[in-house]
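Inspection log for the structure reproduced underneath, given as structure tokens.
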Amino acid sequence: MSEQKRTPENDGRDFANAAWSVPSYILSGILVWGGAGWLLSRWTGVYAFIPIGVILGVGLAVYLVYVKYGR
Amino acid sequence: MTPLVLVAGDEFQAPGPSIFNFPPLYEGAPAWLTKPVIFAVVGALLVCAFAWSAFAKPQLVPRGMQNIGEKGYEFVRDQVARPFLGKDAERWMPLLMSLFFLILLWNLFGVVPLIQIPIASHIAFPIVFAVVIYALRIYLGIKHQGPIGYFKNMMFPPGLPKPIYLLLSPIEFLSNMIIAPFTHAVRLFANMFAGHMLLAFFSSVGFWFLFERLTPLGSGLGVLGAVMTIAMTGFEMFIEFLQAFLFTLLAAMYIGGALHADH
Amino acid sequence: MSVLAEVSGNVTAIGYGLAAIGPGIGVGIIFGQGVQAIARQPEAYGVIRQNMLLGFVLTEALALIGLVAPFIFQGIK
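Residue numbers (my numbering), protein chains in the order written: chain L, 4 to 74; chain A, 335 to 597; chain S, 1392 to 1468.
Here you go:
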């Protein structure tokens, strides 16, 4: 975002890109880290890993969107 | 030809997903030869005929079909292609415009009397579109950014400490490579499917309570169903247009993202 | 008294329907007010855009947590 010239047109495109990719980022965050938590809970038998993984995935996805588009 | 959903019993039965299953057209036809397939082909031919009659012999002063065609072209170019593709817009217009008009026509089949099946409510059709756009996107990305550069641009947003990448890159990869094309197809499919179900539900409420079992108590419900059918038909036409527009817009967005790395 | 209405099938679908109400209203408010803010002060576009995006992400996260919540609670009896 920094190297490109900032025009209203570029800004609008970035915003549309960001807004459309938000749901898939959050969904894949849940799938990746919730899936990791599920595997961990199958291995250790501790059920709490699944919700922990899901919440972690959502948090990371929100952070990723913030890093990519929100700064 | 339309399977009648209200058959047995004295109770009102809401139509289920089985209203999307059509039998083969005639006795002994292959199993794939059903109404949606026929109208998918008809839609494609209609779009070809439309484009032919509009653009085959262009006049300097447009008249007739050329007027409509040029309005459509301008709409797709100014609302879809230019914002996402910039100076490459003209190059991708043929793809985007045929995509837009084909999906729009297929969707509008949902409210045309006697046809009344939005083709995209069978998920196979949106999946084919999404897979084509997906393959095109990966091909263009590798061609324009290099095989390593493409994945590096995609998975590693710059300016973060190294350990964070370990947490974020899998999310980025899954989102771009699997979830995005999946939602691309499912968004169109689900909207058409749900919209058609709603229409079928309200119209069968109206039919059942006004024609099949007319009672003083039920007639109010029947009138409500009929009124809702009319209102939802208008709403459906709007949704059908919107989904065709969104599908094309997302296709343009993916192509644009493959041509230039974002940021 | 006879049964007037009963729920059959998967109850989690109702759960997701309920869980989607809040984020639906939220996303509507965020984009509605955001567009209004941009229309009133076009020069503050950058800041408004950032905050709109952040609010949208946080709200959308709730909706998608609602989507997976049934799967999480399935294991807890």
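Glycine residues also receive a C-beta, built at the ideal position from the N, C-alpha and C atoms.
Within 10 angstroms of the beta-carbon of Pro447(A) lie fewer than 16 other beta-carbons, which makes it exposed. Excluding the 5 residues flanking it on each side, Met562(A) has same chain C-beta neighbours closer than 6 angstroms at Phe536, in chain order.
The count of Cβ pairs closer than 8 angstroms, one atom from the stretch 535 to 550 of chain A and one from the stretch 1405 to 1412 of chain S, stays below three, leaving the stretches out of contact. Not a single C-beta of chain S is nearer than 7 angstroms to the C-beta of Leu67(L).
For the stretch 509 to 524 of chain A, residues whose beta-carbon sits nearer than 7 angstroms to a beta-carbon of chain L comprise Ser509, Ile513, Ala514, Thr517. Between Val445(A) and Leu1395(S), the alpha-carbon positions lie close to 34 angstroms from each other.
The beta carbon of Ile372(A) sits closer than 8 angstroms to the beta carbons of Leu359 from its chain, once the five residues preceding and following it are set aside; these are given in chain order.
With its beta carbon at least 7 angstroms from every one in chain L, Arg1431(S) lies outside the interface. At the C-beta level, Ile449(A) and Gly32(L) stay beyond 7 angstroms of one another. One finds nothing in chain L with a Cβ atom closer than 9 angstroms to the Cβ of Ile573(A); even the nearest lies about 18 angstroms away. Contact residues of the stretch 35 to 55 of chain L toward chain S are Gly37, Tyr50, Ile53, Pro54 (C-beta to C-beta distance below 7 angstroms). No Cβ-Cβ contact shorter than 7 angstroms links Leu522(A) with Pro452(A). When the Cα atoms are used, Ser455(A) and Thr47(L) turn out to be separated by approximately 43 angstroms. Per DSSP, Ser503(A) is one residue of the alpha helix (DSSP H) stretching across 496 to 508. Taking Ala39(L) as the centre and dropping the five residues before and after it, the same chain places the C-beta of Gly56 closer than 7 angstroms to its C-beta, in chain order. If you draw a straight line from the Cα of Met488(A) to the Cα of Ala534(A), it is about 43 angstroms long.
Gln1441(S) belongs to the set of residues whose beta carbon lies under 7 angstroms from a beta carbon in chain L. Of the other Cβ atoms in all chains shown, fewer than 16 fall within 10 Å of the Cβ of Phe409(A); this residue is therefore exposed. Ile564(A) and Ser432(A) have their C-alpha atoms some 30 angstroms from each other. Interface annotation, Ile1463(S): in contact with chain L, CB-CB separation under 7 angstroms.
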